[in-house]
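Residue numbers (the numbering used here), protein chains in the order written: chain A, 877 to 1166; chain B, 79 to 453.
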Amino acid sequence: MLKSRIFPVLAVVAAIVAIWYVAAVFMNAPVQRDMDKRAGVTSTTWQLVEKTMSQAKPTLPAPHQIAVNFFENTFQRKLTSNRSLVYNGWVTLSSTLAGFAFGTVLGIAIAVGIVHVKSLERSLMPWIIASQTVPILAIAPMVIVVLGAINITGLVPKALISTYLSFFPVTVGMVKGLRSPEAMHLDLMQTYNASLGQTFWKLRVPASVPYLFTSMKVAIAASLVGAIVGELPTGAVAGIGAKLLAGSYYSQTVDMWAALVMGSVLAALLVFSVDIVSRVVNRMMGGRPA
Amino acid sequence: MSMLLRSWQAVAAVILTVLALIRLPMFGDGATTPPGNATLAIVVILALIGAFSALLVSKRQAVAAILFVTAHAGAWLLFSALLGNEGQARAPFFLLIAALWLLAWACVTQLSALRPESREAATLVRLLIPAIFGAWVLILWEAATRGFGIPFILLPPPSAIGARIANSLPVLAADVRQTIFKAVLFGYVVGSGAGFVVAILADRVDFLRRGLLPIGNFVSALPIIGIAPIMVIWFGFDWQSKAAVVIIMTFFPMLVNTVAGLTAAGHMERDLMRTYASNYWQTLFKLRLPAAMPFIFNALKINSTLALIGAIVAEFFGTPIVGMGFRISTEIGRLNLDMVWAEIAVAALAGSVFYGAVALAERATTFWHPSIRGG
């Protein structure tokens, strides 16, 4: 079972890495030939292949170059150095988490309002759905610059963008979740003469928990994207987005890829930890593993 | 007493109006063209008519209509009074706006309780309620920015943004052409198409499906947008690099959704196809692809938003001197916030139209599905 699941994934990953190496050779070769010609060196095909994998600013860095750069910048630098990926990752992570926390609270609050106030549902819900179709990230640089103009800089503006991106999925998921109890269960609560508050806490909230965690997984990934894009217009101070921007200014492709890897590691960690929490909560609430 | 309980918004509106009358005048000493007393009187009378009709009249349609007219006519009059007196508004102005806003809220409450008999009326009400909400977001925004005199570079009023859109249509059209008709559409079609083809391939080869699906799910959670600067280095500043970002961003949602959709056809139907001795391709085209359509359209909808985001953000990393992302980043640098908002409004409109077109196509092709039939 484990074998039949893991083996195909490993095979595909291996294929991707192999294709990557071949692509790196072909994409870096023209530049390398040019460099050789200027240096007056003639190299055999094999030497050329070797050189394409050790350029300082390759068009497509070979996977091992990215791995080495990632390792150096993650484990071998002081944590306070602004070249350290741990430091930059932490900057991005902190605004991601702050924005995610605000966004989740806000999303839940709006969902509770929508479920209980009919006029709010009819007037607000269409806009929330419509707002999903809007490229919200386009607004990010403006938020940063405008808040910077009134001396709000650093974590807050980035967290605001993350909040904005993460509260939509939570709202939509929670409205669905709070509505998920069947009519039968609601009727039962009524026969118990349960008040609105009791129905809410004892029936609607427990029923909505699985929906909450599903939408939180989407929200935390969106939150990370928001934080990264939010770092672009700040003039490359710190964070994964700033590393990407600085890399693109100076064509430090290896640095950029390493920053991307760090972003991916963060995304995986975040989604994974939400998943763990959801499993723990599910078990505490007496749910059986699906 | 029961009369007062009928609409708390109306009661609050009356209180706010009275408070406004106590705290007159409406504008500070610096106002250049203070409005006459007649305007103020009409606004107050409108607010009171609306509030008392909500408390006294029992027919819902009538109340809703009266509230709709009084709230919006009052707001319009207040704005005409504000013209030339920007930044001089005092408490009564905001109290009156708040009172009118409460009336509009009461109107929405009445409308949501309506049970129209004909279908057209029901559709109208369903559209009118969010329209009123949206209109009041703009009205309160306008009142706040112009009433308090918020600096233009922080938040321009909606009227200025509207004027900017009307004045710079050629620029906006050029940006839309560059970003949407070149980068987004090309990337969207190629990315979604590639995702679809690979999904069919993965469906045919089970080993590939089991290998690709977990990776596809994983990649969907990654901040793929970060690939944008690398694509700009590879493919240059023009639209090709943006299209490349869009292709990568739209590929994975399509792959994952199509693979999931292809398993959606029931066992019974598949067995039936087997008894007909239909081969793989016949089963695919006649049964499994139609059954996968809702999933495929779901991916197309997700991709319509992702494609726009990808293209616009990629333009932040370098473009020729045209394009929506380029315009947004340069006009921010020049603090032309109204142009930025105009561009965002256009992006929002384009996103909604794009999404709407996909949704319409979905209705036309999957009319048989329970979620569309309403069954």
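C-beta atoms are modelled at their ideal positions from N, C-alpha and C, and glycine is treated no differently. In this text the structure is predicted, and so the values were computed from the model without any measurement.
- Query: Does DSSP classify B/PHE296 as helix, strand or coil?
  - Reply: Working through the second sequence from its first residue, we reach residue 296 of chain B at position 218. Helix, per DSSP.
- With a Cβ-Cβ cutoff of 9 Å, do A/ALA1103 and A/THR950 count as a contact? Position 227 of the first sequence, counted from the first residue, corresponds to residue 1103 of chain A. Position 74 of the first sequence, counted from the first residue, corresponds to residue 950 of chain A. Cβ distance not < 9 Å, so A/ALA1103 and A/THR950 don't count as in contact.
- Query: Does A/LYS879 get closer than 9 Å to chain B when you measure Cβ to Cβ?
  - Reply: What you label residue 879 of chain A is simply residue 3 of the first sequence in a count that begins at 1. Cβ-Cβ to chain B under 9 Å: no for A/LYS879.
- Ignore the nearest five residues each way along the sequence and tell me which others in A/SER1091's own chain have a CB closer than 6 Å to its CB. Taking the first sequence and counting its residues from 1, the one referred to as residue 1091 of chain A is at position 215. PRO1045, VAL1046, GLY1049, listed in sequence order.
- Message: So, for A/MET903: in the same chain, excluding its five sequence neighbours on each side, which residues have a beta-carbon less than 6 Å away from its beta-carbon?
- Response: Counting from one through the first sequence, the residue named residue 903 of chain A turns up at place 27. Excluding positions up to five away in sequence, the list reads THR935, LEU936.
- Mind checking whether B/VAL121 and B/GLY152 have CB atoms under 9 Å apart? In the second sequence, the residue the question calls residue 121 of chain B occupies position 43. In the second sequence, the residue the question calls residue 152 of chain B occupies position 74. In contact: B/VAL121 and B/GLY152 (Cβ atoms closer than 9 Å).
- Task: Rounded to whole angstroms, what's the CA-CA distance from A/PHE1148 to B/ALA338? Just pull it up for me.
- Result: As a position in the first sequence, residue 1148 of chain A is number 272, starting the count at 1. As a position in the second sequence, residue 338 of chain B is number 260, starting the count at 1. Approximately 22 Å between the Cα atoms of the pair.
- Would A/THR1075 count as contacting chain B if we go by Cβ distances under 9 Å? Residue numbering aside, residue 1075 of chain A sits at position 199 when the first sequence is read from its first letter. No, its Cβ sits nowhere closer than 9 Å to a Cβ of chain B.
- Below 8 Å between beta carbons is the criterion; list the residues of the stretch 205 to 218 of chain B that meet it against any residue of chain A, in chain order. ILE207, PRO208, ILE210, PHE211, GLY212
- What residues in its chain sit with their C-beta under 6 Å from that of B/GLU409, if we drop five residues either side in the sequence? Indexing the second sequence from 1 puts residue 409 of chain B at position 331. Hits under 6 Å: MET417, VAL418.
- Message: Suppose only complete runs of 3+ residues qualify. What are the beta strand (DSSP E) ranges in the stretch 345 to 429 of chain B, listed by chain order?
- Response: none
- Could you pull the start and end residues of the alpha helix (DSSP H) that B/TRP317 belongs to? Residue 317 of chain B sits at position 239 when you count from the first residue of the second sequence. B/TRP317 -> alpha helix (DSSP H) spans 317 to 340.
- For B/PHE432, which three-state DSSP category applies? Start at 1 with the first residue of the second sequence, and residue 432 of chain B comes out as number 354. In this structure, B/PHE432 counts as helix in the three-state DSSP scheme.
- Item | Own chain, CB closer than 8 Å to A/THR956, minus 5 neighbours either side, in chain order | Your numbering for residue 956 of chain A matches position 80 in the first sequence. Taking C-beta separations shorter than 8 Å and ignoring five residues to either side along the sequence, the partners of A/THR956 in its chain run TYR963, following chain order.
- Task: Return no unless some Cβ of chain A is closer than 9 Å to the Cβ of B/ALA299.
- Result: What you label residue 299 of chain B is simply residue 221 of the second sequence in a count that begins at 1. Yes, its Cβ sits closer than 9 Å to a Cβ of chain A.
- Item | C-beta neighbour in chain B for A/ALA1143, strict 9 Å | Locating residue 1143 of chain A in the first sequence gives position 267, where the first residue counts as 1. Yes, A/ALA1143 counts as interfacial toward chain B.
- Task: Answer yes or no: does any C-beta atom of chain B fall closer than 9 Å to that of A/PRO1086?
- Result: Looking up residue 1086 of chain A in the first sequence gives position 210. Chain B contact via Cβ: absent.
- Query: In the DSSP assignment, what are the bridge partners of B/ALA167?
  - Reply: The sequence position of residue 167 of chain B within the second sequence is 89, counting from 1. BP columns for B/ALA167 point to B/PHE105.
- Query: Using a C-beta cutoff of 9 Å, does B/SER131 count as contacting chain A?
  - Reply: Locating residue 131 of chain B in the second sequence gives position 53, counting from the first residue. No, because no Cβ of chain A sits closer than 9 Å to the Cβ of B/SER131.
- Item | Element boundaries [alpha helix (DSSP H), containing B/ALA39] | The question about residue 39 of chain B has no answer here: the residues shown for chain B are numbered 79 through 453.
- Item | Three-state secondary structure (DSSP) of A/ALA891 | Counted from its first residue, the first sequence places residue 891 of chain A at position 15. In this structure, A/ALA891 counts as helix in the three-state DSSP scheme.
- A/SER1042 in three-state terms, based on DSSP: Here residue 1042 of chain A refers to the residue found at position 166 when the first sequence is read from its first residue. Here A/SER1042 sits in helix by DSSP.
- Task: Could you spell out the range, first to last residue, of the alpha helix (DSSP H) harbouring A/PHE947?
- Result: Against the first sequence, residue 947 of chain A aligns to sequence position 71. Start and end: 939 to 951.
- On the three-state DSSP scale, how would you describe A/TYR1125? Taking the first residue of the first sequence as position 1, residue 1125 of chain A is located at position 249. If DSSP states are grouped into helix, strand and coil, A/TYR1125 belongs with the helices.
- Message: Mapping the DSSP letters down to three states, classify A/GLU1107 as helix, strand or coil.
- Response: Here residue 1107 of chain A is taken as the residue at index 231 of the first sequence, counted from 1. Reduced to three states, the DSSP call for A/GLU1107 is coil.
- Any idea what DSSP makes of A/LYS1078, helix, strand or coil? For the purposes of this step, residue 1078 of chain A is taken as the residue at position 202 of the first sequence. Helix at A/LYS1078.
- Task: Verify the CB distance criterion: does A/PRO1033 have a CB-CB separation below 9 Å to chain B?
- Result: To locate residue 1033 of chain A, count along the first sequence from 1; it is residue 157. Output row for A/PRO1033: interface = no.
- Against chain B: residues of the stretch 999 to 1015 of chain A by CB proximity under 9 Å: SER999, LEU1000, MET1001, PRO1002, TRP1003, ALA1006, SER1007, GLN1008, THR1009, VAL1010, PRO1011, ILE1012, LEU1013, ALA1014, ILE1015
- As assigned by DSSP and simplified to three states, the class of A/SER999: On the first sequence, residue 999 of chain A is found 123 positions in, with the first residue counted as 1. A/SER999: helix per DSSP, three-state reduction.
- Item | B/ARG288: contacting residues in chain A (beta-carbon distance under 8 Å) | For the purposes of this step, residue 288 of chain B is taken as the residue at position 210 of the second sequence. In chain order: SER880, ARG881, PRO884, VAL885.
- Item | Contact residues within the stretch 1101 to 1124 of chain A, judged by C-beta distance below 8 Å to chain B | Against chain B - using a Cβ distance shorter than 8 Å - the residues of the stretch 1101 to 1124 of chain A are VAL1101, ILE1104, VAL1105, LEU1108, PRO1109, ILE1116, GLY1117, LEU1120, LEU1121, GLY1123, SER1124.
- Go ahead and label A/GLN908 buried or exposed: buried means 16 or more other beta carbons lie within 10 angstroms of its beta carbon, across all protein chains shown. Your numbering for residue 908 of chain A matches position 32 in the first sequence. Under this definition A/GLN908 is a buried residue.
- Cβ neighbours of B/VAL96 in the same chain (closer than 6 Å, five flanking residues each side left out): Residue 96 of chain B sits at position 18 when you count from the first residue of the second sequence. Excluding residues within five positions, none has a Cβ falling inside 6 Å.
- Item | Where the alpha helix (DSSP H) containing B/GLN256 begins and where it ends | To locate residue 256 of chain B, count along the second sequence from 1; it is residue 178. According to the DSSP assignment, B/GLN256 belongs to no alpha helix (DSSP H), since it is labelled neither H nor E.
- Message: Just to confirm my understanding: we take B/ILE422, look at its own chain, exclude 5 residues before and 5 after, and list those with CB closer than 8 Å. What are they?
- Response: Counted from its first residue, the second sequence places residue 422 of chain B at position 344. ILE406, listed in sequence order.
- Task: List the endpoints of the continuous alpha helix (DSSP H) containing B/ASN115.
- Result: For this step, residue 115 of chain B is matched to residue 37 along the second sequence. 115 to 134 is the span of the alpha helix (DSSP H), which, as asked, contains B/ASN115.
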